[in-house]
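Asks: One structure, as structure tokens, below. Some questions next.
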Amino acid sequence: MTTREFEYETVVGPAPRADARPRPRAMRWLGYLAMIGVVIVIGLPIYWTLIGSFKLYNEIYRVPPTWFPLEPTWQNFPDAWNAAPFGRYYINSIIVTALGSLSEVALAIMSAYALAFVRFPGKNYVFIILLSALMIPVEITIIPNYLTIARLGWINTYQGIIVPGAAIAYGTFLLRQAFKALPYEVLEAARVDGAGHLRTMTSVVAPMAQPAIVTMALLSLVAKWNDFLWPLIVTNTADMRTLPIGIFWLRDQEGLVNWGVVMAGSLFLIVPVMIGFIWAQRYIVDGIAAGAVKG
Amino acid sequence: MSQRFMTRREMLKLMTVGGGAAVLAACGTAPAAQEPTSAPAVVSETGSTVNLTYWGSYSGGLGEAETALVEKFNGSQDEIVVEYQFQGSYEDTAQKFTAGLQADTIPEVVLLSDVWWFTFYVAGAISPLDDLAAQTGLDLTDFEPVLLNEGNRQGVNYWIPFGRSTPLFYYNKDIWAEAGLEDRAPANWAEFIEWAPQLVQKEGDTMTRAAFVHPNSASYIAWLFQGVTWQFGGQYSLDDFTMTMTDENTLRGAQFYQDTANSLGWALLASDISQEFLGGTAASMMASTGGLRSISETASFEVGVGFLPEETYFGCPTGGAGLAIPSSIPDEKKLAAMQYITYVTNPENAGFWARETGYMPTRISAKQLPEMVQFFEENPNFKTAVDQLPKTRAQDAARVYVRNGDQIIGKGLERIVVNNEAPATVFAEINDELTKAAEPILEDLKAIEG
Amino acid sequence: MTSRAISFPWTKRKHREWLLFGLLVGPNLALFSIFTYWPLIYNFYLSFVRWNFLRPTKPWVWFNNYIDTFTDAKFWEIMGNTLVFTVATVGGTLLLGLLLALLINQPLRFRDGARAIVFSPVVMSGAVVAVVWSYIFDPRYGLLDQILGWVGLNSPDWLVDPFWAMPAVIIVYIWKNIGYAVVIYLAGLQGIPRDLYEAARVDGAGAWAQFWNVTLPGLSPVAFFLSVTSILTSFQSFDIIKVLTNGGPVNATSTLILFLYELGFVSYDAGEAGVVAMVLFTIMFILTLIQLRYLERQVSYG
């Protein structure tokens, strides 16, 4: 039995046997029809973004809009890339996203483990207090946090961008649910082997809940990668800025926006995340289920 | 400025400038040549350079022009180094400046838009600039008076015009020709009411092409309607913050707006007016001069522009932004900041900025520079915008000095134009809302102006 | 809440266990205290003062800000909008998401590709999404108008008509977030043991009865998990509405979070913004408590 199957069995339940039961042909056709419908409805705006980035300046504003670029051009991509130091923005975004997500994942595993397995009086209140962080609108945190970061002397630094968002409530919630769904026998076995809490957490619980952790990490990466407002406020110089701010730079304050260039620029942002999603999507499916199904 | 860093060179400089200023005052309009072309020295005794930070909102093409100006300044002298830092939209920049004031992390120069500078003025956060201007030789008399006076309180200047725009009447020449109209903007609204039905196109009951398009509140209908209130002899408010939304003439203007979209039925209201105009679904619009260049370049038809139509009077507001210096920075930095402002607003650079961005040249003498004269010849539409400038007027306090006044009025106009509610009822409510919103500003104003 | 603490021999001394708990949860709580709870407490204080972020003084006004807010008709209109927006987006995401998940849960080809497309709006930034959709909604040249035209319908003036603006922002929100729900439902569907269906069939249950008696109960934990998280996200949804309508026309699409932004960042009324933030927090806190109780009691099985 491979590790992969082992996880699947223990975390999600018996693996589905897709063709175990013959399905009515009509249902399958309905399924394909629905799939085509979904791909069209959900994919259309994405298609529009995609072809927009290959259109010339004038064509974007053309009425009626063209479903395929009349004169497809690559020019928007170099135009966007050269309008701002995007290379630098990539580096900053990668640093900020990687460190921010790493911190969130580590803190979520630790907190979720404690909430699921370690004895503490009033543990449920701690859980609710942690969850309440999800209910505090980011708008009210901006000015106080700017002051705190300024006092620490962290304006325009990586730690200034990362630290205020390093704690995690959503992921703690998700992983707590996933950990609680783990089969008790395995944890018992660890106990018999004489493992302490820390070893149980790092060597038993974390590997077993790997799909949930990967999911959480991906959701965290997406959030950090797209974050705009806080990095804009806490940084000043172009060499500290991140990709979403770079895309904002492509827009003019007054006059027309060259949407072709902006859409090309937003592909800089979207493509890496999409590749990450496609690569990790099996983990996502298994992972979220693990957290959600067994409350 | 303090004696501590006043060098001999600086003294000399000041004397020269003092003399120059007297001459300029005598002549009235200053020829460009008399302006210092490179920034005068600010040298502390250690001989180090002064580093300045400038927070602004210009990105994209405007951002490139802004960066070019800053680099030009840095190359023009070796005592001051300015760094331009983009801070997002006008709103973002003002918010960050607010946070910066609390945290004491402010820049030395800040770009504030027409609806924001006053908030910082009443908070005592921005410096009076006249003494500094005298020291750096900035000739305030050469600015378009309407633009400069907007940043003037009780005879003192706080806000130097930079990146200023005004509305303009844009029309689609193809549609005009198709309708057999004379190739010009309408002289007044009465004329446009006659023209409009010929510009409209219908398919059954739906209007596929409107004669005119209004923006929604999110895209600043209250800015464009400001001019219309004046045209009808009304206004949003008096200088002492008495709201006049229920003034008979203000209401006539609102009634006209309602009619355009309802009983007359040739105008529509849209969230992106430029798109409607460029797409040919609206034959004309009032829009900022800031978009003149990009709209002309993008349009698949020839774009015509003209002054705003008149009614009883001519009326056209100013818009855009200006530069300010925070009040809490050291004098040495203030002077250096003023040297930067002096440089980037000098006639030559005001012309450069106007040509690159489509914003109005803020200096009177800039219009006579050969490169500007040539530019006007090549861009007659831009000339129209500049010719309209002296006829414009600073906006009423209700929109620019009352926090959120723009949106309060804009949403009232949406009720009138889209929901077809009675202007008198709506503006009576808006009048109350504005009066209430003005209270805190009035308190602060009393404290600062007495 | 059920607790399944494991007792290890060496941690019989409970204090040592408490210390470990503190060490594990501590960093998370400490960071939240500085960067999230402190702003909330500060905001709570601001809701009792009059301040514009710039004045040196913050006079204490007791409950005046609360009275002003609660007696403002606009506030209640915005509360109503928030309710409509939240119910419609959460309900829409959960129901449509379920429907989609059921249909594409069958052993179909290209299922992974479809899943990627469905999920991709989740990773797009709200501002770009709003821009693309404003093209789609335009009643004269928009893509939606063209498509409605093919079936002989006229497009409403989505973003300008006070009646249609709210449906428009709801559509965009659901479009952006449905992929998340679909993916979770799909996972939930895989987690329902097959033998339950077989048992139901042996009992003579038809497709509908199987769905009703096996699938739905099997998915209830997923639905609860989604409802907790999507209610919190929906209440705080900002980008899409800000860029698409800025809360307009008039106040038709203004929600509490937009109102909070307008009061705080445009009107510079820290006191009333503070009140709205507290209202928002309180509503979400109570709703979450109710759901958690229900979730933990009804759904912890398996």
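Protein chains in written order, with my numbering: chain V, 36 to 330; chain B, 37 to 486; chain A, 42 to 343. Where is the CB? At the ideal position from N, CA and C, for every residue including glycine. All values reported here derive from a predicted model rather than from experimental measurement.
Assess contact between the segment 340–353 of chain B and the segment 177–194 of chain B, defined as three or more Cβ pairs (one per stretch) separated by less than 8 Å. Is contact present?
Replies: no
Asks: Can you tell me where the beta strand (DSSP E) holding Gln121 (chain B) begins and where it ends?
Replies: Ile116 to Phe122
Asks: In chain B, what lies closer than 8 Å to Phe283 (chain V) by C-beta?
Replies: Ser95 and Gly124
Asks: Since Ser201 (chain B) sits in a beta bridge, which residues does DSSP pair it with?
Replies: B:Gly355
Asks: Do we get a CB-CB distance below 8 Å when we pair Ala75 (chain B) with the residues of chain A?
Replies: Residue placement at Ala75 (chain B) is flagged as unreliable, the pLDDT there being 43, under the threshold of 50; the coordinate-derived value follows with that caveat. Taking a beta-carbon distance threshold of 8 Å, Ala75 (chain B) does not count as an interface residue toward chain A.
Asks: Whose C-alpha, out of B:Leu217, B:Trp231 and B:Leu371, is nearest the C-alpha of Val86 (chain B)?
Replies: B:Leu371
Asks: Can you confirm whether Thr323 (chain A), when its beta carbon is compared against all beta carbons of chain B, has any partner nearer than 8 Å?
Replies: no
Asks: Which class does Thr65 (chain B) belong to by DSSP, given the choice of helix, strand or coil?
Replies: Residue placement at Thr65 (chain B) cannot be trusted, given a pLDDT of 37 that sits under 50; the coordinates are not used to answer.
Asks: By the criterion of Cβ-Cβ separation under 8 Å, what are the contact partners of Ser301 (chain V) in chain A?
Replies: Met165, Ser166 and Val169
Asks: Since Pro251 (chain B) is in the beta strand (DSSP E), which residue starts that stretch and which ends it?
Replies: Phe248 to Pro251
Asks: What did DSSP end up calling Gln245 (chain V) once you bin it into helix, strand or coil?
Replies: Gln245 (chain V): helix per DSSP, three-state reduction.
Asks: Within 10 angstroms of the Cβ of Val316 (chain A), are there 16 or more other Cβ atoms? Answer buried if so, exposed if not.
Replies: With 16 or more other Cβ atoms inside 10 Å of its own Cβ, Val316 (chain A) counts as buried.
Asks: Let me check one thing: in DSSP terms, what residues is Ser273 (chain B) bridge-paired to?
Replies: Paired residue(s): B:Met279.
Asks: What does a CB cutoff of less than 7 Å around Thr272 (chain V) pick up in its chain, not counting 5 residues either side in sequence?
Replies: Asn191
Asks: Quick one: does Ile142 (chain B) have its CB under 8 Å from some CB of chain V?
Replies: no
Asks: Measure the CB-CB distance between Leu278 (chain V) and Val297 (chain V) and report whether it falls below 8 Å.
Replies: Not closer than 8 Å, so no.
Asks: Please return the same chain residues whose Cβ sits closer than 6 Å to the Cβ of Pro197 (chain A), not counting the five positions on each side in sequence.
Replies: Cβ contact annotation for Pro197 (chain A) (same chain, cutoff 6 Å, sequence separation greater than five): Trp205, in chain order.
Asks: Would you call the segment 303–316 of chain V and the segment 159–175 of chain V touching, i.e. three or more CB-CB distances under 8 Å?
Replies: Three or more beta-carbon pairs separated by less than 8 Å are not found between the segment 303–316 of chain V and the segment 159–175 of chain V, which leaves the two stretches without contact.
Asks: What does a CB cutoff of less than 8 Å around Asp202 (chain A) pick up in its chain, not counting 5 residues either side in sequence?
Replies: Cβ neighbours of Asp202 (chain A) beyond the five flanking positions: Pro290.
Asks: With DSSP as the reference, label Gln147 (chain A) as helix, strand or coil.
Replies: coil
Asks: Enumerate in chain order the residues of its own chain whose CB-to-CB distance from Met408 (chain B) is below 8 Å, with the five nearest sequence positions on each side excluded.
Replies: Gly387, Ala390, Arg391, Pro397 and Ala402
Asks: On a CA-only basis, which of B:Glu457, B:Asn382 and B:Glu100 is nearest Arg399 (chain B)? Give me that one, please.
Replies: Closest option to Arg399 (chain B), Cα to Cα, is B:Asn382.
Asks: According to DSSP, is Pro266 (chain V) helix, strand or coil?
Replies: In the structure shown, Pro266 (chain V) sits in a helix (DSSP, three-state: H, G or I).
Asks: Which stretch, first to last residue, makes up the alpha helix (DSSP H) that contains Glu239 (chain B)?
Replies: Per DSSP, Glu239 (chain B) belongs to no alpha helix (DSSP H); it is in the beta strand (DSSP E), Gln237 to Glu239.
Asks: List, from N- to C-terminal side, the alpha helix (DSSP H) runs of 4 residues or more that fit wholly inside the segment 87–115 of chain A.
Replies: Runs found: 105–111.
Asks: Can the beta-carbon of Val153 (chain V) be found closer than 8 Å to that of Phe62 (chain A)?
Replies: yes
Asks: Mind listing the chain V neighbours of Asp128 (chain B)? Cutoff is C-beta to C-beta under 7 Å, in chain order.
Replies: Leu267
Asks: Give me whichever residues DSSP pairs with Ile162 (chain B) in a beta bridge.
Replies: B:Pro362
Asks: Do you know how far the Cα of Leu227 (chain A) is from the Cα of Leu143 (chain A)?
Replies: Taking the straight line joining both Cα atoms gives about 8 Å.
Asks: Assuming Gly92 (chain B) and Leu147 (chain B) are in contact, meaning their beta carbons sit under 8 Å apart, how far apart are those beta carbons, in whole angstroms?
Replies: 4 Å
Asks: Cα separation between Ile158 (chain A) and Glu139 (chain V)?
Replies: 27 Å
Asks: Under a CB-based cut-off of 8 Å, is Asn440 (chain B) close to chain A?
Replies: By this cut-off, Asn440 (chain B) is an interface position.
Asks: Starting from Phe179 (chain B), follow its DSSP beta bridges and name the residues at the other end.
Replies: Paired residue(s): B:Arg399.
Asks: Quick one: residues in its chain with C-beta nearer than 8 Å to the C-beta of Asp283 (chain B), no 5 flanking neighbours on either side, listed in chain order?
Replies: The beta carbon of Asp283 (chain B) sits closer than 8 Å to those of Gly270 and Gln271, all from its chain and outside the five residues before and after it, given in chain order.
Asks: Check whether the Cβ of Leu210 (chain V) lies closer than 8 Å to any Cβ atom in chain A.
Replies: no
Asks: Looking at chain A, is there any beta carbon in it that lies within less than 8 Å of the beta carbon of Gly66 (chain V)?
Replies: It does: the Cβ of Gly66 (chain V) has a partner Cβ on chain A nearer than 8 Å.
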